[in-house]
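To start, the structure itself, in structure tokens.
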Amino acid sequence: MKVPLLDLKRQYHSIKDEIDQAVNEVLENTRFILGPQVKEFEENVAKYCGDGYAVGVASGTDALLLSLRACGVEPGDEVIIPPFTFFATAGVITRLGAKPVFVDIDLLTYNLLPDKIEEKITERTKAIMPVHLFGQCADMDPIMEVAKKHNLKVVEDAAQAIGSKYKGRRAGTIGDLGCFSFFPSKNLGGAGDGGMVITDDEKLADLVRKLRVHGATQKYFHPMVGYNSRLDTLQAAILNVKLKYLDEWSSKRREKAEVYNRAFANTDIVTPKEEEFNYHIYHQYTISVKNRDKLKEHLLENQIGCSIYYPLSLHLQECYRYLGYKKGDFPNSEIRSEEVISIPVFPELTEEEQEFVIEKIKDFIKD
Ligand SMILES: *Cc1c(COP(=O)(O)O)cnc(C)c1O
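Per our numbering, numbering of the sequence shown is gapless, rising by one per residue and ending at 376.
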């Protein structure tokens, strides 16, 4: 049996008529840039998250970039992030001429350790950007508390976490701004790049709305320099269809995660820990094992899709050598970069396929 890590075709075929119709409508009305579907999708996402404002942008990366700009991050400023995340979290900080400052992660949730933040705050610190890795929210209350105490902005990198909840609140709605990615493989994925910024603050929303159109308040009048970063109408039309199914897909992911949790209980496999106050949406089901690379080989030999998110902690990346970090600086992040592996958990994964994945992993840990 061949089991993919993710199969987007199955999802498309389950809602093909609706998607095709939505795409055709855009092709017919030809309002490709900021057409009515973008506004409609923004309103739907805002409502889905519990109100506020939503601004569609060109990618999750741009959502982070424009959010930091809206927070006033300037060259020389510092932004606190975990080193165990997708590169974009750090890349956007550097692109603004600011400096990523790392704080280690919790070994079991893979998210930022709130207790370690305060010691990293300096006069140049402007913002904290927690990442809700693999679909589970970081522990936001203590993060918001330390941010408030030091007058810092909080931008949630919720690229992997749309629909997840922290103490009943949707990911992205707790910090000053929240950022989503609609990269095709994300839980809510488009047919290309796309992203969104959400916020309760009307002024910040307006600022992001300007930044996405070259900083213009009114066409051809520019009080500031912005970007060309819009969510395509085509993407918005597709995502509008998919948003209706997101909660159903998330609960299917959770069911599958539960099956894995039970199967791997009382083994050497470290399964993801869901905090009791969280609602994890399992963008990835990520386990930790000592002989990870061998397990990966074993799974690939058995035609089981798997992937390593992420194999090198950001403080050890070549491009950040100038920051002066060394091996050992963020031990939890380094340990996990050597041990993690993500296995299939997409909503359309069949019972038979999942049983096969479990069987092959159990075979491996037996010998
Ligand atoms: C996917 C992702 C991003 C970037 O999103 P894009 O839409 O690919 O630009 C940023 N942060 C994290 C944690 C991500 O997983």
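Ideal Cβ placement from N, Cα and C applies to all residues, glycine included.
A quick note: this is a predicted structure, and the numbers were derived from the prediction, not measured.
Name the DSSP bridge partner or partners of residue i?
{"i": "arginine 179", "result": "Lys174"}
{"i": "isoleucine 207", "result": "Ala63, Gly187"}
{"i": "valine 349", "result": "Ser297"}
{"i": "tyrosine 288", "result": "Lys174"}
{"i": "glutamate 165", "result": "Gly187"}
{"i": "valine 12", "result": "Ile313"}
{"i": "valine 140", "result": "Asp166"}
{"i": "aspartate 241", "result": "Ile42"}
Considering Cα atoms alone, identify which of the options is closest to residue i.
{"i": "leucine 308", "options": "Phe373, Ser194, Asn33, Glu357", "result": "Phe373"}
{"i": "tyrosine 21", "options": "Trp258, Ala136, Glu211", "result": "Trp258"}
{"i": "alanine 31", "options": "Lys251, Leu17, Leu325, Ile296", "result": "Lys251"}
{"i": "phenylalanine 192", "options": "Ala170, Glu327, Thr226, Ile344", "result": "Ala170"}
{"i": "glycine 224", "options": "Leu213, Glu132, Tyr236", "result": "Tyr236"}
{"i": "alanine 246", "options": "Lys18, Asp86, Leu36, Phe365", "result": "Leu36"}
{"i": "aspartate 29", "options": "Asn249, Cys328, Thr280, Val349", "result": "Asn249"}
{"i": "glutamate 364", "options": "Tyr291, Asn270, Asn33", "result": "Asn270"}
{"i": "lysine 265", "options": "Gln293, Pro84, Val110, His159", "result": "Gln293"}
{"i": "glutamate 368", "options": "Glu267, Lys176, Phe273, Ile296", "result": "Phe273"}
{"i": "leucine 14", "options": "Val82, Lys195, Lys158", "result": "Lys195"}
{"i": "glutamate 132", "options": "Val110, Ala168, Arg40", "result": "Val110"}
{"i": "leucine 161", "options": "Ser297, Val349, Ala136", "result": "Ala136"}
{"i": "isoleucine 350", "options": "Phe230, Val279, Thr359, Leu243", "result": "Val279"}
{"i": "valine 82", "options": "Lys371, Ala107, Met233", "result": "Ala107"}
{"i": "lysine 371", "options": "Ala200, Leu243, Val298", "result": "Val298"}
{"i": "serine 260", "options": "Asn38, Gly144, Lys158", "result": "Gly144"}
{"i": "aspartate 115", "options": "Pro356, Asp148, Thr134", "result": "Asp148"}
{"i": "aspartate 202", "options": "Glu211, His159, Phe189, Lys212", "result": "Phe189"}
{"i": "glycine 69", "options": "Arg40, Gly100, Thr39", "result": "Gly100"}
Would you identify the three-state DSSP class for residue i, choosing helix, strand or coil?
{"i": "glutamine 227", "result": "strand"}
{"i": "proline 109", "result": "strand"}
{"i": "tyrosine 318", "result": "coil"}
{"i": "threonine 134", "result": "strand"}
{"i": "isoleucine 344", "result": "helix"}
{"i": "asparagine 38", "result": "helix"}
{"i": "asparagine 275", "result": "coil"}
{"i": "valine 222", "result": "strand"}
{"i": "isoleucine 152", "result": "helix"}
{"i": "leucine 197", "result": "coil"}
{"i": "leucine 77", "result": "helix"}
{"i": "asparagine 160", "result": "coil"}
{"i": "aspartate 86", "result": "coil"}
{"i": "leucine 213", "result": "helix"}
{"i": "isoleucine 114", "result": "strand"}
{"i": "leucine 122", "result": "coil"}
{"i": "lysine 282", "result": "coil"}
{"i": "phenylalanine 339", "result": "coil"}
{"i": "isoleucine 367", "result": "helix"}
{"i": "cysteine 146", "result": "coil"}
{"i": "glutamate 360", "result": "helix"}
{"i": "threonine 70", "result": "helix"}
{"i": "isoleucine 374", "result": "helix"}
{"i": "glycine 100", "result": "helix"}
{"i": "tyrosine 236", "result": "coil"}
{"i": "aspartate 29", "result": "helix"}
{"i": "isoleucine 247", "result": "helix"}
{"i": "tyrosine 269", "result": "helix"}
So, for residue i: in the same chain, excluding its five sequence neighbours on each side, which residues have a beta-carbon less than 8 Å away from its beta-carbon?
{"i": "methionine 138", "result": "Leu73, Leu77, Val88, Ile89, Ile90, Thr98, Ile102, Val163, Val164, Glu165, Asp166"}
{"i": "arginine 239", "result": "Ile42, Leu43, Val47, Gly65, Val66, Ala67, Arg221, Val222"}
{"i": "lysine 282", "result": "Leu117, Thr118"}
{"i": "lysine 336", "result": "Leu325, Glu343"}
{"i": "arginine 104", "result": "Leu74"}
{"i": "threonine 94", "result": "Val140, Leu142, Asp166, Tyr319, Leu323"}
{"i": "glutamine 312", "result": "Met10, Lys11, Val12"}
{"i": "glycine 59", "result": "Arg178, Arg179, Thr182"}
{"i": "leucine 17", "result": "Pro193, Ser194, Gly198"}
{"i": "proline 340", "result": "Asp113"}
{"i": "valine 354", "result": "Arg262, Lys265, Ala266, Tyr269, Tyr291, Gln293, Tyr294"}
{"i": "leucine 332", "result": "Lys108, Pro109, His324"}
{"i": "leucine 255", "result": "Tyr57, Ile171, Gly172, Asn196, Leu197"}
{"i": "phenylalanine 305", "result": "Strictly speaking, residue 305 in this sequence is lysine, with phenylalanine absent from that position. Cys315, Ile317, Ile350, listed in sequence order."}
{"i": "histidine 231", "result": "His223, Gly224, Ala225"}
Could you name the residues of the same chain whose beta carbon sits closer than 7 Å to that of residue i, not counting the 5 residues immediately before and after it, in chain order?
{"i": "valine 112", "result": "Ile89, Pro91, Leu121, Leu122, Lys125, Ile126, Lys129"}
{"i": "glycine 61", "result": "Ala55, Thr182, Ile207, Thr208, Asp209"}
{"i": "glutamate 347", "result": "Arg301"}
{"i": "tyrosine 57", "result": "Leu252"}
{"i": "valine 366", "result": "Val12, Ile313, Ile352, Pro353"}
In chain order, what residues of the same chain have a beta carbon less than 6 Å from the beta carbon of residue i, not counting five sequence neighbours either side?
{"i": "tyrosine 288", "result": "Ser173, Lys174"}
{"i": "alanine 63", "result": "Glu51, Val54, Ala55, Met205, Ile207"}
{"i": "valine 217", "result": "Val64, Leu75, Ala79, Val206"}
{"i": "threonine 276", "result": "Ile374"}
Within 7 Å: the Cβ of residue i and any heavy atom of ligand 2?
{"i": "serine 190", "result": "In terms of ligand content, the structure shown lacks ligand 2 and carries ligand 1 instead."}
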